[in-house]
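First the structure, in the form of structure tokens, and then the observations on it.
2 protein chains.
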Amino acid sequence: MKKTTPLPRYGGIEAGGSKFVCATGSGPQDLSNEIRFPTTTPEETLDRAVAYFREQRRRHPLSAIGVGSFGPLDARRGSPTFGYITTTPKPGWANTDFAGRLERALELPVYFDTDTNAAALGEHCWGAAQKLKDFLYLTVGTGIGGGAMANGRLLHGFNHIEAGHIRVPHDRERDPFPGNCPFHGDCLEGLACGPAVEQRWNRRAETLPPDHPAWELEAEYLAHAAVNFLLTLAPQRIIMGGGVMEQQQLFPLIRQKVSRLLNNYLRLPEITAHLDQYIVPPELGNRAGILGAIALAQKGGKL
Amino acid sequence: MKKTTPLPRYGGIEAGGSKFVCATGSGPQDLSNEIRFPTTTPEETLDRAVAYFREQRRRHPLSAIGVGSFGPLDARRGSPTFGYITTTPKPGWANTDFAGRLERALELPVYFDTDTNAAALGEHCWGAAQKLKDFLYLTVGTGIGGGAMANGRLLHGFNHIEAGHIRVPHDRERDPFPGNCPFHGDCLEGLACGPAVEQRWNRRAETLPPDHPAWELEAEYLAHAAVNFLLTLAPQRIIMGGGVMEQQQLFPLIRQKVSRLLNNYLRLPEITAHLDQYIVPPELGNRAGILGAIALAQKGGKL
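In order, the protein sequence lines correspond to chains Z and A. My numbering puts the first residue of the first sequence at 287, with every later residue one more than the last. My numbering puts the first residue of the second sequence at 287, with every later residue one more than the last.
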């Protein structure tokens, strides 16, 4: 009888502003022991994560930890504050040495990036962006954020992208809502994140019927954003996830408007004729975040 | 006496819609024998380039040719139409096998990319983007175009970026000019390219005094664009060149407006405190294009 070597296992943390998700595994086939707990103080929350991984490690050794986190954070390897959550308005979390604390407590390498870059990497490994070297993952939910791969690596540039805050045309006659971004008013996030939809129409987004004009307007903003991203990054695919994108009716509306906005300027059949394969939902659904964290641990050193 | 091996020499073509520039050399220190001739038919123009390089080669062997060209073009290595000018409206030039024709006539490797990617590479090798792995080169002239490096390589994605055609907010009360882009009307190029400035104010741009309101408005559009690029690409620097940017008064206006638009959202000192080193003119000036073509030939295989 042949002895099989077990797959190396990794730890993943999807660190959100309201809850943490932790799990172990090496991919979708064996992701397991998932736990969730609320994001309270950094000490309490990170201690809880450490305790979880210590317990997991008793059953099976872990090779590394990956963290996809809310931000803003420092994702610049070599920076003195690499691995820190930096200027977040979330009480208590500004200047938290997230990765360092985990690394010291667990004595394991910790790979640390934004939640959206992690989700992008998850989709690259096992989802809608397999084999693609240049693509964008956009999440539209409580906020709007982007993660991107460029030339086969996660795009960091000066630190990490902040694609949710671009400006898009805003016709105040058609839409007098001034936008709710505390920094920019009517940037993309200010106009099109979930809370903006709710404030504009004064009701919970889930209760708006699929043919409500809210979605036509939402698609308009997201199409403008998609076109700007497409022209700036030349991504091979745009994956749009997050709570707002669970409104499936948005996809055909966005594609139609993207096509109208591009107006045959780009004559690439993969975009112009196959927008249904170009602007797509994540294949990993709401598991993109935690799987992306696992992927960060697995690929971390090589990205 | 020690014999020194001469530097390998390369050929470069800056292929513009109205004129071609050809030269040979290996960088700014030895760029030489530059000639210019008008862009007529593809046959005549490319034959002239071939004749030039044949003559140059008699004096000194050439290792490769680099071409930074007007477009749209196919910059996707491995594509059946790689090296073609594709859907250009320029009469006679659509579907021209630019690189292939040169390669067959000269029996030399030909590296082919957009004029803006070439200029970006030139600035990376010898100009304002040395040692930077992520930056944007934007040209604002007859049209608006961008070239970018991401993760240390020129950004191609699905083919090449088209950053000049993003949409930016356009307040029609303040600026009733509808934009002059034949595809998109009031995209960035439609609002802010040189001809748009001239049509809006009904006079040649060079004759508008530095304190004319034209420049305030121009800076407004370019600042919106710079902010969108900054948030989407996270470039370590934005280089702005081209004929319109020879109006030096634009730089402080753009920086001031970028700062106002970001509104302290990004707390990176290299951006927030040093915008004067972040949004800069090209160091190679109007030689970025031809030097970029030389750089393509030199680095081509490795980018």
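Every residue gets a Cβ at the ideal spot worked out from N, C-alpha and C, and that includes glycine. Since this is a predicted model, take the numbers as computed values, not measurements.
Buried or exposed: residue 493 of chain A, going by 16 or more other Cβ atoms within 10 Å of its Cβ? So residue 493 of chain A counts as exposed.
Identify every run of the beta strand (DSSP E) within the region 356-444 of chain A, keeping only runs that are complete inside it and at least 3 residues long; order them along the chain. List check, beta strand (DSSP E) in window: 396-400, 421-426 and 430-436.
Which of helix, strand or coil DSSP assigns to residue 545 of chain A: Of the three classes helix, strand and coil, the one that applies to residue 545 of chain A here is helix, per DSSP.
Chain Z within 8 Å of residue 373 of chain A, Cβ atoms only: Yes, because at least one Cβ of chain Z sits closer than 8 Å to the Cβ of residue 373 of chain A.
Neighbouring residues, chain A, relative to residue 441 of chain Z (Cβ below 8 Å): Residues of chain A with a Cβ closer than 8 Å to the Cβ of residue 441 of chain Z are, in chain order, 420, 436, 437, 519 and 520.
Could you have a look at residue 293 of chain Z and say whether DSSP puts it in helix, strand or coil? The answer is coil: DSSP assigns residue 293 of chain Z none of H, G, I, E or B.
Kindly say whether residue 506 of chain A, judged by its beta-carbon, lies nearer than 8 Å to any beta-carbon of chain Z. With 8 Å as the cut-off, residue 506 of chain A does not count as an interface residue toward chain Z.
Quick one: measure Cβ to Cβ for residue 456 of chain A and residue 551 of chain Z, integer angstroms, because I've assumed they're closer than 8 Å. Contact flag wrong, Cβ pair sits at about 18 Å.
Would the region 484-502 of chain A and the region 433-453 of chain A be scored as touching if the rule is three or more Cβ pairs under 8 Å? Remark: fewer than three beta-carbon pairs, one from each stretch, lie closer than 8 Å, so the region 484-502 of chain A and the region 433-453 of chain A are not flagged as touching.
Does residue 319 of chain A come within less than 8 Å of chain Z when only Cβ atoms are used? Answer no: the Cβ-Cβ gap between residue 319 of chain A and chain Z never drops below 8 Å.
Assign residue 367 of chain A to one of two classes, buried (16 or more other C-beta atoms within 10 Å of its C-beta) or exposed (fewer than that). Counting Cβ neighbours within 10 Å, residue 367 of chain A comes out exposed, since fewer than 16 surround it.
Per-residue contacts from residue 553 of chain Z into chain A (C-beta, under 9 Å): Going along chain A in sequence order, the residues near residue 553 of chain Z (Cβ under 9 Å) are 358, 372 and 373.
Please name the residue in A:510, A:417, A:438 and A:379 whose C-alpha comes closest to that of residue 302 of chain A. For the set A:510, A:417, A:438 and A:379, the Cα lying nearest the Cα of residue 302 of chain A is the one of A:379.
Comparing C-alpha positions only, which one of Z:474, Z:308, Z:569 and Z:475 sits nearest to residue 532 of chain Z? Of the candidates Z:474, Z:308, Z:569 and Z:475, the one whose C-alpha sits nearest the C-alpha of residue 532 of chain Z is Z:569.
Residues of the region 467-486 of chain A whose Cβ lies closer than 7 Å to any Cβ of chain Z, in chain order: Within the region 467-486 of chain A, the qualifying residues are 469 and 470.
Does the beta carbon of residue 546 of chain Z sit closer than 8 Å to a beta carbon anywhere in chain A? Chain A has no Cβ within less than 8 Å of the Cβ of residue 546 of chain Z.
With a cut-off of 8 Å, do at least 3 Cβ pairs link the region 544-558 of chain A to the region 576-585 of chain A? Cβ pair count under 8 Å is below three, so no.
For residue 536 of chain Z and residue 524 of chain Z, believed in contact at Cβ under 8 Å, the rounded distance: So it is not a contact: roughly 13 Å between Cβ atoms.
Distance between residue 453 of chain A and residue 351 of chain Z (C-alpha atoms, nearest Å): Distance from the CA of residue 351 of chain Z to the CA of residue 453 of chain A, rounded to the nearest whole angstrom, comes to 40 Å.
Determine the closest residue to residue 295 of chain Z out of Z:307, Z:306, Z:319 and Z:305, with distance taken between C-alpha atoms. Minimum Cα-Cα distance from residue 295 of chain Z among the listed residues Z:307, Z:306, Z:319 and Z:305 corresponds to Z:319.
Take residue 387 of chain Z and list the residues in its own chain whose beta-carbon comes closer than 6 Å to its own, dropping the five residues that flank it on each side. Within the same chain, 332 come within 6 Å of residue 387 of chain Z by CB-CB distance, once the 5 residues on both sides are set aside.
Taking DSSP's pairing of strands, which residues face residue 309 of chain A in a bridge? According to DSSP, residue 309 of chain A bridges with A:298.
What does the alpha-carbon distance come out to for the pair residue 518 of chain A and residue 505 of chain A? Distance from the CA of residue 518 of chain A to the CA of residue 505 of chain A, rounded to the nearest whole angstrom, comes to 20 Å.
Check the Cβ-Cβ distances between residue 454 of chain A and every residue of chain Z, and say whether any is below 8 Å. Against chain Z, the CB of residue 454 of chain A has a partner CB under 8 Å away; the residue lies at that interface.
Paired residues, beta bridge with residue 565 of chain A - DSSP: Its beta-bridge partners are A:524.
Separation of residue 360 of chain A from residue 354 of chain A, as counted between CA atoms: Taking the Cα positions, residue 354 of chain A is about 12 Å away from residue 360 of chain A.
Min CB distance residue 513 of chain A to chain Z below 8 Å: Under the Cβ criterion of 8 Å, residue 513 of chain A is counted among the residues facing chain Z.
Could you give the first and the last residue of the continuous alpha helix (DSSP H) run that contains residue 515 of chain A? Residues 499-519.
Based on Cα-Cα distance, which residue from A:322, A:377 and A:346 lies nearest to residue 316 of chain A? Checked all of A:322, A:377 and A:346; the closest Cα to residue 316 of chain A is A:346.
What are the boundary residues of the alpha helix (DSSP H) that includes residue 339 of chain Z? 328-345 is the span of the alpha helix (DSSP H), which, as asked, contains residue 339 of chain Z.
Whole-angstrom distance between residue 395 of chain A and residue 375 of chain A, CA atom to CA atom: Rounded to whole angstroms, residue 375 of chain A and residue 395 of chain A show a C-alpha spacing of 28 Å.
Residue 298 of chain A beta carbon less than 8 Å from that of residue 427 of chain A: No, Cβ-Cβ distance for residue 427 of chain A and residue 298 of chain A is not below 8 Å.
Give every residue of the same chain whose Cβ lies closer than 6 Å to the Cβ of residue 391 of chain Z, excluding the five residues on either side of it in the sequence, and list them in chain order. Same-chain partners within the cutoff: 336.
Do you know how far the Cα of residue 358 of chain A is from the Cα of residue 479 of chain A? About 17 Å.
Any idea what DSSP makes of residue 550 of chain A, helix, strand or coil? Residue state, collapsed to three classes: coil.
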